[in-house]
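Only one structure is covered here, and it is reproduced in the block below.
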Amino acid sequence: MTYRQRTKALNDAAREYHGPYRHYDIVKEAALALGFVTILAVVFSILFSSPDERPTTIRGWAHSTPADFVTTAVSELDGSSGTAGYGPPYNGASSGQHMAFIYLQKWFGIAHPINTADDYVIDPLRSIANSPQLQAAVTRYQTAPAKQQSAWTTAYSVAVAKAPDSNAGIYALSGSSFGPVPTMMDGLLRLAQNGGLDGALLSNKQFYSTDYTKILMLLADGGNLANRAQADHLSGDQWGMMNETGSFPGQSWLWLYTFWYQIKPFSTSDNADILVMAVMGLLSVAFVLVPFIPGVRDLPRKIPIYRLIWREHYARNAR
Amino acid sequence: MSDADPDPQQAPGAAGPDASATNSWTIGLRRRLVGALPPEKLLPDGQPAYVASWIYIFGVLTLSSLAVIIGSGTILSLKGPGWWHDSGIGHFFNSIHLWSVELFFFFMLIHLWGKYWMSAWRGGRARVWVTGAVTFLVAIPCALTGYVSQQNFDAQWISTQAKDAMNSIGIGSFFNLLNFGQIYGYHVFLLPLAVVALVIAHVLLVRRHGVVPPLPDDLQELLSAARRGNA
Amino acid sequence: MDHIHRALSVPPMLAAVFNLNGKAGYAHWHFFDMSVPNIIVIVLALVIFAIALFAPFPGNPRRKDRP
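As given, the protein sequences belong to chains F, E and B, one line each in that order. Residues 0 to 318 in numbering that gives the first Met the number 0 are what the first sequence spells out, letter by letter. Residues 0 to 230 in numbering that gives the first Met the number 0 are what the second sequence spells out, letter by letter. Residues 0 to 66 in numbering that gives the first Met the number 0 are what the third sequence spells out, letter by letter.
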């Protein structure tokens with residue numbers, strides 16, 4: 000018998016069943032199952048509850064680690080932050096991830112434009128009323144040539160890295176090599192610490208906005224969110240996709256998605272995401288098409304777990 | 000149509016003698032549906048004798064978990080996405096929603112393992128497997144949009160991380176995980192609708208084709224079955 | 000510094016019997032790094048699958064005819 004004939008014979012044999020039946024109450028079974036699962040879910044909820052760690056705010060971040068906040072703010076200003084260099088859909092700074100000649104990230108364009116210098120530093124500072132010194136500093140920065148701006152921000156970044164992580168440490172930074180940057184950063188830090196930057200970024204488009212893109216991208220550029228995630232074992236290189244905060248079970252069904260990120264070449268590639276999505280896309284299609292894939296569809300016959308499931312049927316037939 | 004007493008032969012559902020020649024869409028559709036799924040197939044009171052293993056309960060357990068997910072999700076949506084942060088009762092229903100999701104994936108995976116090792120796609124049941132597999136794949140973004148709708152630290156982290164995968168394949172430009180309003184709509188309506196539609200198709204296909212019979216015990220039985228099929 | 004505590008604290012809820020908000024244990028071996036709760040869930044699924052396969056199923060009086 001050829002493989003095709005055997006496969007066809009197996010399918011034909013399974014089309015109709017003419018053997019004995021047993022009594023079965025499908026509605027009772029469904030009701031019992033529903034009751035059982037409801038009780039199980041309620042019991043787990045009583046025993047374990049569910050996690051709810053409060054979100055990170057810019058205000059909280061600026062208070063707990065002012066140096067990290069200011070470092071991030073400067074990188075947004077001079078275009079060296081993660082968001083600034085991300086590429087589409089936020090800006091054109093890079094082509095984004097690709098796989099060979101496939102640049103899907105670039106091809107779909109800039110749908111959520113973010114100008115990091117304007118959105119995160121300049122516009123919020125411009126919104127601060129009654130601050131002539133601050134406004135003059137911003138104007139001085141904006142009217143300076145690009146090379147001068149870069150010299151100021153670079154020098155300031157180096158100084159922040161060495162300064163104590165405190166308000167006093169930040170406010171103490173001054174010098175002609177930093178230009179107007181310290182005044183701008185002091186103003187931004189104060190705005191962040193009194194919640195004004197959260198507010199400015201949340202209502203930047205319209206009164207009723209549900210779009211948190213800008214504020215979340217800023218938070219993701221900083222160390223506070225990432226440090227919390229690392230502490231909770233949620234980082235990409237910690238199989239984080241599978242995990243939940245605290246000691247709650249997470250998403251164990253995502254094990255294969257996160258697995259690829261732990262091994263080369265994905266773990267060291269700039270294009271890790273598109274590569275993993277491609278691999279998982281292929282495996283997902285294969286998963287859906289199992290009935291049509293020779294070998295994969297034959298394994299259950301070769302490893303006879305089915306003999307356990309239908310042992311009563313085979314025993315009855317043997318008699 | 001006159002106002003006189005209706006002719007009994009014209010009463011709804013009692014198709015007259017010339018109904019076989021009808022071009023009525025209603026009668027045609029009704030015949031197709033009832034032909035494919037007569038009441039005794041839709042709600043059977045018997046099952047093949049070979050359905051005699053505990054592995055068979057995991058489909059209905061998965062379905063029940065989905066019902067609890069939808070029920071608890073409905074209650075959460077009554078009071079809005081911020082309710083569970085401020086209210087003990089709200090938090091409790093959030094817990095039920097989370098644990099029923101864990102149970103849903105738990106039971107679904109055992110159901111999947113059982114069905115794979117039974118080769119449950121045999122005998123014209125490939126669509127049963129396909130709808131089940133696609134349900135699993137659609138349930139994953141449904142869960143993702145739920146995690147992203149939590150409005151807490153977890154939501155912040157998951158959205159800022161998962162956005163990279165979305166952006167890398169270009170869909171981040173219109174499926175923005177950082178846009179709470181958009182993602183909440185996907186989570187409470189669009190994706191559950193897709194999951195439910197797939198599950199209904201899956202269950203109706205099982206009722207239509209029946210539970211897959213056992214694999215033939217040996218080659219002899221298979222050849223006999225093949226000959227019977229060709230007869 | 001209550002801002003830090005606010006950022007990290009858990010809001011009021013009906014107290015759970017077991018508080019799972021502490022740090023989870025992890026099993027770490029080369030690049031394999033899985034949380035104990037997840038390992039428990041996966042092992043439990045495999046165990047329950049095995050039980051479902053091996054556990055005897057209560058028989059019902061059989062009917063020879065179709066329903």
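Think of the CB as a built atom: it goes at the ideal place given N, C-alpha and C, for glycine as much as any other residue.
Quiz item: When we look at the beta-carbon of B/Trp28 and count the other beta-carbons within 10 Å, is it buried (16 or more) or exposed?
Solution: exposed
Quiz prompt | Spatial distance of E/Ile26 from E/Arg207 (CA atoms) | solution = 20 Å
Quiz prompt | Any C-beta of chain E under 8 Å from that of B/Ala23 | solution = no
Quiz prompt | Counterpart residues of F/Tyr85 in DSSP-defined beta bridges | solution = F/Tyr85 pairs with nothing; no bridge assigned.
Quiz item: Can you list, in chain order, the residues of its chain whose CB lies under 7 Å from that of B/Ile38, leaving out five sequence neighbours each side?
Solution: Ala26
Exercise. Taking B/Leu52 as the query, report the chain E residues whose CB atoms sit under 9 Å from its CB, ordered along the chain.
Key: Ser52, Trp53, Ile54, Gly113 and Trp116
Quiz prompt | Minimum Cβ-Cβ distance from B/Leu70 to chain F less than 8 Å | solution = Outside the shown range of chain B (0 to 66) lies residue 70 of chain B, about which nothing can therefore be said.
Quiz prompt | Against chain B: residues of the region 225–245 of chain F by CB proximity under 9 Å | solution = Arg227, Ala230, Asp231, His232, Asp236, Gln237, Trp238, Met241, Asn242, Glu243, Thr244 and Gly245
Quiz item: Would you report the Cα separation of E/Ile182 and F/Arg58, rounded to the nearest angstrom?
Solution: 25 Å
Quiz item: What's the gap between the Cα of E/Tyr146 and the Cα of F/Gly18?
Solution: 47 Å
Self-check item: Partners in chain B for E/Ile109, counting only beta-carbon separations shorter than 8 Å
Solution: Ala44, Ile47, Phe48 and Ala51
Self-check item: Contact residues within the region 30–41 of chain B, judged by C-beta distance below 8 Å to chain E
Solution: Val40
Quiz item: If you count every other CB in all the chains shown that lies within 10 Å of the CB of E/Lys114, and 16 or more means buried, which is it?
Solution: buried
Practice problem: State yes or no: is the C-beta of E/Leu294 within less than 8 Å of the C-beta of F/Leu124? | Solution: There is no way to answer for residue 294 of chain E, as the model of chain E reaches only from 0 to 230.
Self-check item: Residue-level contact to chain B via CB, F/Asn10, 8 Å cutoff
Solution: no
Quiz prompt | Candidates F/Pro112, F/Thr244 and F/Ala128, of which the one nearest B/Ala20 by Cα | solution = Here residue 20 of chain B turns out to be Asn, not Ala, going by the sequence shown. Closest by alpha carbon: F/Thr244.
Quiz item: Among all the DSSP beta bridges, which residues are the ones paired with E/Gln46?
Solution: F/Arg21
Quiz item: Residues bridged to B/Trp28 by DSSP?
Solution: B/Phe31
Self-check item: Residue range of the alpha helix (DSSP H) that includes F/Arg189
Solution: Val180 to Gln192
Practice problem: Taking C-beta pairs closer than 7 Å, name the residues in chain B that F/Ile302 reaches, listed in chain order. | Solution: Per Cβ cutoff of 7 Å: no residues; F/Ile302 is ~12 Å from chain B at best.
Quiz item: Residues in its own chain within less than 8 Å of B/Asp1 by CB, not counting five upstream and five downstream?
Solution: Its pLDDT being 44, under 50, B/Asp1 is placed unreliably by the model, and nothing is read from it.
Quiz item: Which residues, taken in chain order from the region 81–108 of chain E, show a beta carbon closer than 7 Å to some beta carbon of chain B?
Solution: His84, Gly87, His90, Phe91, Phe105 and Leu108
Quiz item: What's the C-alpha gap between E/Phe135 and E/Leu65?
Solution: 12 Å
Practice problem: With DSSP collapsed to three states, give me the class of F/Gln226. | Solution: Checking the sequence, you will find Asn at residue 226 of chain F rather than Gln. Three-state result, F/Asn226: helix.
Self-check item: Within-8 Å CB hit, F/Ala199 to chain E
Solution: no
Quiz item: Pick from F/Thr267, F/Val41 and F/Asp236: whose alpha carbon is nearest that of F/Trp254?
Solution: F/Asp236
Quiz prompt | Own chain, CB closer than 8 Å to F/Met98, minus 5 neighbours either side, in chain order | solution = Asn270, Ile273, Leu274 and Ala277
Practice problem: May I have the straight-line CA-CA distance separating E/Phe57 from E/Ala164, to the nearest angstrom? | Solution: 32 Å
Practice problem: Determine the closest residue to F/Tyr85 out of F/Trp106, F/Gln229 and F/Ile113, with distance taken between C-alpha atoms. | Solution: F/Ile113
Quiz item: Taking 8 Å as the CB-CB cut-off, is E/Val211 touching chain F?
Solution: yes
Exercise. Using a cut-off of 8 Å between C-beta atoms, extract the partners of B/Ala26 located in chain F.
Key: By Cβ distance, chain F contributes nothing, its closest Cβ being about 11 Å from B/Ala26, past 8 Å.
Quiz item: Run through DSSP, which three-state label would F/Asn129 get?
Solution: coil
Quiz item: Does the beta carbon of E/Ser76 sit closer than 8 Å to a beta carbon anywhere in chain F?
Solution: no
Quiz item: Would you say E/Pro215 reaches chain B, if we count a Cβ-Cβ gap shorter than 8 Å as a contact?
Solution: no
Quiz item: Would DSSP call F/Met98 helix, strand or coil?
Solution: strand
Exercise. Tell me, please, whether the CB atom of E/Arg121 is closer than 8 Å to any CB atom in chain F?
Key: yes
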